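Those protein sequences? They're chains A and D, same order as listed. The numbering of the first sequence is the numbering used here, which starts it at 2 and goes up by one. The numbering of the second sequence is the numbering used here, which starts it at 2 and goes up by one. Ideal Cβ placement from N, Cα and C applies to all residues, glycine included. This one's a predicted model, so the numbers in the text were calculated from it and none came from an experiment.
Number of protein chains: 2
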Amino acid sequence: MKIEIINTGAELMLGRILNSHQQWLCRQLADLGLTVARQVAVDDSGPAIVQAVRDALPVDLILVTGGLGPTSDDRTRTLIAELLGRKLHEDSSVVAHIEAFFAARKKRMPTSCRVQAQVPNGALVLSNAHGTAPGLVLELPVGADRPGLGCLILLPGPPRELRPMFTNQVVPIIKERFPNRERFGCRTLKTTGLGESVIEEKIAASLEPLVREGLEIGYCARIGEVELRFTARGTRADELIRHAEKIAYEKLRDRIYGTDDEDIESIVIRTMTENRLSLAVAESCTGGLVCHRLTNVPGASAVLKAGYITYSNGAKQETLGVRPETLATHGAVSEAVVLEMAAGARARAGTDFAVSVSGIAGPAGGTRDKPVGTVWMGLADAEKTVAQRCFNPYDRETFKLVASQQVLDLLRRHVLARAMAPAAQ
Amino acid sequence: MKIEIINTGAELMLGRILNSHQQWLCRQLADLGLTVARQVAVDDSGPAIVQAVRDALPVDLILVTGGLGPTSDDRTRTLIAELLGRKLHEDSSVVAHIEAFFAARKKRMPTSCRVQAQVPNGALVLSNAHGTAPGLVLELPVGADRPGLGCLILLPGPPRELRPMFTNQVVPIIKERFPNRERFGCRTLKTTGLGESVIEEKIAASLEPLVREGLEIGYCARIGEVELRFTARGTRADELIRHAEKIAYEKLRDRIYGTDDEDIESIVIRTMTENRLSLAVAESCTGGLVCHRLTNVPGASAVLKAGYITYSNGAKQETLGVRPETLATHGAVSEAVVLEMAAGARARAGTDFAVSVSGIAGPAGGTRDKPVGTVWMGLADAEKTVAQRCFNPYDRETFKLVASQQVLDLLRRHVLARAMAPAAQ
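Okay, structure coming up:
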């Protein structure tokens, strides 16, 4: 079973646009139990597209994206028809669809659009609910041992046209053509606070028996976190993954903050919402990023009452009540200041929790005792204030992202502890 | 001249991660006058990587990303060495670098990390300023007609390691190896506030003579902005682009906020710093994103004194002095409230300027009169307060991004007007 994706477009090869099709299509196919063997991006000129299809043969399924539009640089349809020795004809249902598309928008249909109704003989037409260019399904010559299995599907380039077309029309075709797909399981555990080599040290030996039975382990270091991925195939896939997940939780405990597509801010908002806990945030070096991440979560307003971006010492004093002598004695990046910031934010906003962060993002501002990358963060609730120091010697934007992750993780662990404690408030 | 990019990783083929390397590397190479012929993504298992390199030959330059880390699924280094018939040895300077990397972070070096010091014989080592895995440059066998030209460069997967390594170490190698590149010029004008078809209507006719001489025009609609791109090749490239740029500025005026990789927040911080102007920000629906974007700019602390994330009505009253009757009469998303927010933030922080924003990000919270996507923003300086209403009916994160762009553009235009006014303060 061999699947390839071919993405076409000059803008891809000039680096003017991010190719989001690869991830999206690979993910959809993986969820169907199918793995893409290779993805290729080429210029939309003739030779490159045709060569890419030739290189892929023999193949069970090729998905080609882009080059179906109305302008002169959209050549995929014609080139593929030529390569497969098919003549083109005008499909009257596609003409009617394009005319209706423009009529609904009260716009004149440019003559050039009619070229999109040209269909290679024998092709199946996939209607486009969000645009004018239809998708096309063509049979491919494959090896004599697998006659009639190969399939080439042309999809339009714009994601909002491609995605529903794939989900609604291509997935049923794939399911029908490849009925005996092997069960594929994939589970991602999202961790923070440990490096990937440390994680491997902690879990590898215990997982070894499962690996011998077919479990695959992947490690992916992202900014401020490491993703640990378990995949397996076949009838025992789910069992192997469940078992691996259990071992990982035993070894890594609360270093795992979530699974699959969860992010730490969603988990914080969800846990605090469920426990009716409110939050205030006082940020210096992260400059609003902690609040920004939290407010990306729908429903954040039930939790986050106020944020204070106290970038200057003056604002730390005026807004949060940090004492001038604390700033003078310890400096703005210090345990004493983040504790006063957290307590001040909590008092001002009248919330259950407050977190605070102050550090040196750089590139300037570092000293011998407090080099660029130094960051203090604090947390206050009704019973206590706590602080922790981290060191993130990275570029400015990475520093902010890692520091925001550490603040959210500090909050997550305290909120979880509170949520799991007996009802004593 | 043939260049290929090979991106490796199971997480790519399973669709768990977006491949940002393709765009970034293609863009950097295009700026050097080099076009990538093909980009391929494959699984990080042995046969696929080796096959991808074989398929690329003969070739002048191959860039391979990923698979240089310390974990068991990082196999690129060994596989490529095998393919090229090179033995590996431990490079003592790389060992020293890895040890120093962990020592600087006061962390123990896991034994597994040492594998990253394995270097194929004859390879040039590229030091990694932001991680442990070095890059590697290897000579390739190419066609007999072009001996010694081929070059394979292995780069680490994490973008914050790959990007500076490419810019600082790979670009000089490429320039030396390929000295006779055709002049390639590319200029991007960044606009906000106009759609791409409106921009085309305004400029296309005037640019037509330049297009006949070889100018290429590209339009790229991004979130909250449109990039207008001029490219040309050959000895007249720069002249054509300069001429096109002059015409674009005449037609689009202050709708162009910057060029190439400038962003609007950098321009705001730079202009305000030069004019010694200070700023406070009051955010509701954008939840910290305006402050986050401004504080991504090094030196932002000279301008931004305080930010107030007043997500709740209580915080709007308590922190910014918005009157309860204004909230009751007009609602939190209204002209009256953003004017009071801006004035309140400016008074509280004692700054020259303040901006404010309040809107309905959704998915919930819309009404018939104020549907999801409605947003008001305000600005206050010593002489006036102004407000504007926008409508951004998008998903939550897009809404926040577009609204933050509109706030920053409102500020940019007022700051520019102030900066260009006669010295009357």
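Any beta-carbon of chain D closer than 9 Å to the one on residue i?
i        : result
A/His244 : no
A/Lys306 : yes
A/Thr189 : yes
A/Thr40  : In the sequence as displayed, the identity of residue 40 of chain A is Gln instead of Thr. It does; some Cβ of chain D falls within 9 Å.
A/Gln406 : no
A/Phe392 : yes
A/Lys88  : no
A/Asp44  : yes
A/Cys27  : yes
A/Ile63  : no
A/Thr399 : yes
Which stretch, first to last residue, makes up the beta strand (DSSP E) that contains residue i?
i        : result
A/Ile310 : 305-310
D/Asn8   : 4-9
D/Val126 : 125-127
A/Leu280 : 280-284
Identify the residues that DSSP records as bridge partners of residue i: which are they?
i        : result
D/Trp377 : D/Ser359, D/Arg390
D/Tyr220 : D/Leu229
D/Phe185 : D/Arg234
D/Leu155 : D/Val65, D/Leu137
A/Thr260 : A/Leu190
A/Val120 : A/His90
D/Phe103 : Answer is none; D/Phe103 lacks a bridge partner.
D/Phe354 : D/Leu280
Exposed or buried, residue i, counting other C-beta atoms within 10 Å across all chains shown (16 or more means buried)?
i        : result
A/Ala145 : Note that A/Ala145 scores a pLDDT of 48, beneath 50, so its modelled location is shaky; the value from the coordinates is reported in the next line. Exposed, since its Cβ has fewer than 16 Cβ neighbours within 10 Å.
D/Leu33  : exposed
D/Ser94  : exposed
D/Lys176 : exposed
A/Gly151 : buried
A/Ser335 : buried
D/Met14  : buried
D/Gln426 : Any reading at D/Gln426 needs caution, since the residue's pLDDT is 45, under 50, leaving its predicted position unreliable; the model's value is listed next. Looking at its Cβ environment, which holds fewer than 16 other Cβ atoms inside 10 Å, D/Gln426 is exposed.
D/Arg254 : exposed
Locate the alpha helix (DSSP H) running through residue i, then write down its first and last residues.
i        : result
D/Lys203 : 197-213
A/Arg39  : Segment 39-43 is the beta strand (DSSP E) holding A/Arg39; no alpha helix (DSSP H) there.
A/Ala31  : 21-32
D/Arg397 : 397-421
D/Thr274 : 265-275
D/Met110 : Run containing D/Met110: none; DSSP gives neither H nor E here.
D/Leu80  : 77-84
Can residue i and residue j be called in contact, C-beta distance under 9 Å?
i        : j        : result
D/Ile50  : D/Val60  : no
A/Gly315 : A/Gly289 : no
D/Ile242 : D/Tyr250 : no
A/Val323 : A/Val338 : yes
D/Arg184 : D/Gly235 : yes
D/Val37  : D/Ile81  : no
A/Ile265 : A/Leu380 : no
D/Arg78  : D/Gly47  : no
A/Ile268 : A/Val403 : no
A/Gly158 : A/Gly16  : no
A/Arg349 : D/Thr320 : yes
D/Phe231 : D/Leu190 : yes
D/Val65  : D/Ile154 : yes
D/Ile396 : D/Gly363 : At residue 396 of chain D the sequence reads Asp, which differs from the Ile that was named. Yes, the pair counts as a contact, with Cβ atoms nearer than the cut-off.
A/Gly374 : A/Pro394 : yes
Are any of the Cβ atoms in chain A nearer than 9 Å to that of residue i?
i        : result
D/Asp74  : yes
D/Met14  : yes
D/Asn122 : no
D/Tyr309 : yes
D/Ile257 : no
D/Asn20  : yes
D/Leu241 : no
D/Gln119 : no
D/Pro173 : no
D/Gly136 : no
D/Lys371 : no
D/His131 : yes
D/Asp56  : yes
Would the C-beta of residue i count as close to the ligand MN, meaning under 8 Å from any of its heavy atoms?
i        : result
A/Gly215 : In the structure on display, the ligand MN does not appear, and there are no ligands present to speak of.
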